[in-house]
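Note sheet for the following structure.
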Amino acid sequence: MLRYPRLGLGLRLLLHAVAVVSLTAVATSTDTSNPFTWLDCPSPAPAPSPSSPASPTMNTSTFQSNVFALLDALPTAAAPTGFASLSRGDGTDRAFVRGLCRGDSTPENCTRYLQKAVLHIKAHCNSNRRAAIWYDKCFLSYADTNEPTTYEEGFRQGICHDRKISDSDMDAFNTKTYVYLMINISDGAAHGEEGSSSALPSAVPMFETGEAVYDRGAPNGTMYGMVQCMRDRTAAECALCLWNSMWQLATSCSGHQGGVMLGYNCYLRVEIYSYYNLSLDAPNALLPLAPAPSRILPNVQDRHSYEPLSWARRVQIALDSARGGLEYIHEHIVPVYIHRDVKSANILIDKNCRAKVRIFHGCRF
């Protein structure tokens, strides 16, 4: 069973102020095979260029016709890759539609998910110039501009499980394991293979999954995370969106077994069971929290193909290692903790010579 928390009016500040907005949203679906549906039919201020309507409603039949035509075309356009961004019309009648399917969806399922979303958004938001609908497996929105608005950037809706985690696991779930998992997979989604901690490249852009152990002795002691960004966003915009969602979910669903944070430009979910298709996109199998002996890793270096590292590569490895350690300094949670084991034995290098901190023990509180 899910719990829909009441969110505050503001988001945390990160790098620059994220505007304070109010949320106007209504839950609309009881489809248990594709849960977490959320519908948003906002009435914010008129959109910026290229459209500047005098009203947030569909004040022309031409604009409405453009929206409906784009919505009808979207499922077919998005199915092959899982994403599509379409536009039609001119001036204030120009409409924009975006559709995104979850990264582990097949083209056939993607078509089916978006077709259902089109029917629902037409039925509930047919008089608005901007609207969005979320399912667990897809997202759809339309607007009178292709530029991100303050409302859309600030919108977050969290959905939490009613079940709570045990007191003994509270610290691990809410701080060390959760933060470690989300930072790693968010970095992978935003920066692709270069930022991913997985040994395998992701076949889907701006989509990443991963897992981390928070209780070795519990039947469901592994946490599974998934993040995804809209593919028309930049890497920096994706990273910022996921960062804000990560802290929003930690605040809204603190003490719960899992939850989802919905946004116009990114999606974040964490559970204590596997809920994504492992055969289509292998998750990042992150290492558990417990200390591991420093000599258990074999030396797999092929000495015949070894090439000396350039100074540029060495500097990059050092910077990546420092960044990995500093990422564990957090001001948003209590207590503050610092990774204390950033040493050569705990640094892993991928095929592109990008470094990642291997384990997460040795924390100082």
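Residue numbering for the sequence shown is -29 to -1, 1 to 336, as defined by mature numbering (1 follows the signal peptide of the UniProt record, and there is no 0).
Backbone N, C-alpha and C fix where the C-beta goes; we use that ideal spot for every residue, glycine too.
It should be emphasised that the depicted structure is a prediction, and the values quoted were computed from it without experimental measurement.
Cβ pair residue i, residue j closer than 8 Å
i	j	result
Phe126	Tyr235	yes
Gly77	Pro46	The sequence as given places Thr at residue 77; Gly does not occur at that position. Result no, Cβ atoms of Thr77 and Pro46 do not sit closer than 8 Å.
Ala55	Gly74	no
Phe34	Asp11	no
Met197	Ser216	no
His132	Gly230	yes
Gly159	Pro176	no
Pro13	Tyr122	yes
Phe67	Thr120	no
Ala161	Leu213	yes
Thr180	Tyr106	no
Tyr149	Ala221	yes
Gly60	Asn37	yes
Leu42	Lys93	yes
Which residues DSSP lists as bridging residue i, in chain order
i	result
Arg59	Ala66
Cys224	Note: Cys224 sits in no beta bridge, so no partner.
Glu242	Tyr195
Cys109	Cys72
Cys237	Cys200
Ala114	Phe67
Phe54	Leu71
Identity of the residue in the options nearest residue i by Cα
i	options	result
Asn155	Gln228, Glu182 and Leu57	Glu182
Arg130	Tyr246, His227 and Tyr247	This sequence places Ile at residue 130; Arg is not what is there. It is His227 whose Cα lies nearest to the Cα of Ile130.
Leu152	Ala44, Glu242 and Cys96	Glu242
Glu124	Gly60, Thr148, Ala103 and Asp291	Ala103
Trp9	Tyr238, Gly188, Val38 and Val68	Tyr238
Ala40	Ser58, Ala49 and Pro51	Ser58
Ala48	Ser36, Asp186 and Glu79	Glu79
Tyr113	Asn99, Tyr106 and Asp107	Asn99
Ser223	Gly62, Ala207, Arg240 and Asp43	Arg240
Cys200	Ala189, Asp138 and Phe110	Phe110
Asp178	Ser225, Glu118, Asp203 and Ser137	It should be pointed out that residue 178 corresponds to Phe in this sequence rather than to Asp. Looking at the Cα atoms, Asp203 is the closest of the given residues.
Ser157	Arg285, Lys147, Ala210 and Asp107	Ala210
Val184	Lys147, Thr205, Trp218 and Gln219	Lys147
Asp138	Arg101, His95 and Asp186	Asp186
Lys135	Ser32, Gly53, Ser225 and Ala189	Ser225
Trp218	Gln128, Arg285 and Leu290	Gln128
Thr205	Arg101, Ile288, Glu118 and Arg284	Glu118
Gly53	Ile288, Cys72 and Ile320	Cys72
Cβ pair count under 8 Å reaching 3, the stretch 76 to 95 against the stretch 192 to 203: no
Whole runs of the alpha helix (DSSP H) within the stretch 177 to 235, excluding any shorter than 4 residues: 206 to 223
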